[in-house]
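Asker:
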């Protein structure tokens, strides 16, 4: 792997050596960025520069002057550690990056963080870094393109190209997403595998030995192997795909990590640290980069891209003048319907209904008003109730429907959903709450990226009963509430479910809707519910004193239990207020400006069938479950864990008397 051979086969293809000069500039900027920052990953940029230079010059359709062009190709760098290469490329091709941005690589508040963070104005389609996530996002973007193509025809013939490495392909999220993409036959997805056979710890053969080409051929991919340093070889495979791609494509690009480094090339030592002065000089000599200049690049490359970008802008304008373009853009940018909220308020709820069935009743109303709304479930739509009635299922080669069956691929589903939402489609996913653990990295990236994916989680407590502790979430509420930018709702009433969903669709952050399997008892009057306040007072018995004896906070199905407790306390002459605290973050925001309006209470109480962690800022007495659950009928579980009115009132009476 240490054998160094300069890029070959370029004379006929690369008139004026443009590609090789472009790649040289990418390499030069990338290694100096890493060296200047004293941290980063030089190996992948050195190995991938030839592939990436071809993509951005001769394959991808994009417009730095119209970066939000809906008909553009999407380029995703799943191997986000190669960010220096991406920033350098986008700088050279005319996006908003400046030389000062490159020099501030990995510095506080810079536009060039260690791993890419979504910003379309700068050409970055999604946030990547945790390996494999970009593959999932790319599959979601490609799927969204196919959905749009089914509705608007040849207006959507763009490609999604994702560059990934050995690490991405070892991650489960990538394998889940690629499996679904192969099954659906996404013939607009091109996956380029930086096949350098090196990982951070050593060589790929130390930890993986499967035949990648055979594996993905079996998953319905057309698989090609190319010399990643040979432009004619790259061109031979990529060029025909613009017009003649029948299935998703996997390209194994054989590259040399740290290409040009005399000692480190082809080894893990080139991966994740600056090259150092000696190897930096070796690389520059090998690639004919001036030794006496830092951050050198061929200025003619940037100038020629200015001319190319005028052509690209013409492409985007021509696309926008297509007869169906305005309709397509309106579909993507569809605002929340003015009539949706009014119709939600008119839903006739039964006296007893579970959270998941409230969702089932709400989805057809949303789908009626919002044509750009899709749902996806991890093989649980019959249980999580996320399928849109009469919405039609998206199947292999058929993308007219609105319901996506992700299979038992929770992590892949979440990453795919984020990609679809980044494209512009509204998407809601569903699975059991306990399985949110499988999805957490994708939820976190959605939160970091301000991506408004809606994640529905049902079967939210020990109330699911006999399936037992393997399926009963305990720590999950506290865990997701702790995640910045993620809004977690745990409604107590079908109206809270429906209005919470309506509110969720208007946000710029991800939302987790945590819903019960067991029925809610109806809350008497929530018609004046203000969702953005994060809470609702559902029981209020005031005594003669200024303060209450008890203020009880509860969420979900436990709110009805709290009301029953309050009624017993009322009979004992106690003053009680019960608050449905369905969203902590929204309540905290409301509290900042309204704290003086919150009445005092002698005792503050929380009731939630989950871990007590996080409740201390609202209450001092906790009825919670800080152990794992149990396999038993729901009534037995509630009694065993102390979630009955009598048990709670008895405990409170003893606590008060003491």
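Numbering (our numbering), first residue to last: 461 to 1118.
Just so it is clear, CB atoms sit at the ideal spot from N, CA and C, and this is done for glycine as well.
Near residue 852, which residues of its chain fall below 7 angstroms by C-beta distance, leaving aside the five closest residues on each side in sequence?
Answerer: 860, 861, 862, 863
Asker: Can you confirm whether the region 659 to 674 touches the region 722 to 735 when touching is taken to mean that 3 or more C-beta pairs between the two stretches lie within less than 8 angstroms?
Answerer: yes
Asker: Specify whether the region 905 to 923 and the region 958 to 976 touch according to this definition: at least 3 beta carbon pairs, one from each stretch, less than 8 angstroms apart.
Answerer: yes
Asker: Could you check which residue in 947, 640, 1055, 1054 has the C-alpha nearest to that of residue 904?
Answerer: 947
Asker: Compute the distance between the beta-carbons of residue 846 and residue 890, then report whether it is under 9 angstroms.
Answerer: A contact, by the Cβ cut-off of 9 angstroms.
Asker: Mapping the DSSP letters down to three states, classify residue 918 as helix, strand or coil.
Answerer: strand
Asker: Nearest to residue 561 by CA position, among 571, 976, 554, 1029, is which residue?
Answerer: 571
Asker: Could you work out which residue in 1043, 1064, 504 is closest to residue 940 when comparing CA atoms only?
Answerer: The closest CA to that of residue 940, considering only 1043, 1064, 504, is found on 1043.
Asker: Quick check on this structure: which residue in 1034, 942, 930, 1040 has the alpha carbon closest to the alpha carbon of residue 983?
Answerer: 1040
Asker: Of all the options 491, 537, 497, 552, which has the alpha carbon lying nearest to the alpha carbon of residue 517?
Answerer: When 491, 537, 497, 552 are compared, the shortest CA-CA separation from residue 517 is found for 552.
Asker: Per DSSP, what kind of secondary structure is residue 1108 in: helix, strand or coil?
Answerer: helix
Asker: To the nearest angstrom, how far is the alpha carbon of residue 906 from that of residue 719?
Answerer: 34 angstroms
Asker: Going by beta-carbon coordinates alone, are residue 1058 and residue 1038 separated by less than 9 angstroms?
Answerer: no
Asker: Got a sec: does the ligand COA put a non-hydrogen atom nearer than 8 angstroms to the Cβ of residue 696?
Answerer: Absence of the ligand COA is noted for the structure shown, with no ligands found whatsoever.
Asker: Considering only the alpha carbon of each residue, which of 727, 993, 589, 485 lies closest to residue 1054?
Answerer: 993
Asker: Answer yes or no: do residue 711 and residue 726 have a C-beta to C-beta separation smaller than 9 angstroms?
Answerer: no
Asker: Have a look at residue 573 and residue 495 and give me their C-alpha separation to the nearest angstrom.
Answerer: Rounded to whole angstroms, residue 573 to residue 495 spans 15 angstroms at the Cα level.
Asker: Please report the distance separating the alpha-carbon of residue 499 from that of residue 506.
Answerer: 15 angstroms
Asker: Grab me the residues of residue 854's own chain with a C-beta within less than 6 angstroms of its C-beta, minus the 5 sequence neighbours each way, in chain order.
Answerer: 861, 864
Asker: The alpha helix (DSSP H) spanning residue 937 covers which residue range?
Answerer: 936 to 941
Asker: Excluding five sequence neighbours on each side, which residues of the same chain lie with their C-beta closer than 6 angstroms to the C-beta of residue 483?
Answerer: 509, 510, 513
Asker: Hey, could you find the ends of the beta strand (DSSP E) residue 871 is sitting in?
Answerer: Note, residue 871: premise wrong, no beta strand (DSSP E); alpha helix (DSSP H) at 870 to 883.
Asker: Measuring alpha carbon to alpha carbon, tell me which residue in 763, 844, 639, 577 is nearest residue 888.
Answerer: 844
Asker: For residue 625 and residue 1056, what's the separation of their Cα atoms in angstroms?
Answerer: 55 angstroms
Asker: With 16 as the cutoff for other CB atoms within 10 Å, does residue 1097 come out buried or exposed?
Answerer: Taking a 10 Å sphere around the C-beta of residue 1097, we find 16 or more other C-beta atoms and assign the residue as buried.
Asker: Whole-angstrom Cβ separation of residue 1083 and residue 1108, contact assumed at under 8 angstroms?
Answerer: 6 angstroms between Cβ atoms; contact.
Asker: On the criterion of 16 or more Cβ atoms from any shown chain inside 10 Å, does residue 693 qualify as buried, or is it exposed?
Answerer: Buried is the label assigned to residue 693, since at least 16 other Cβ atoms lie within 10 Å of its Cβ.
Asker: Distance, Cα to Cα, residue 981 vs residue 1112?
Answerer: 23 angstroms
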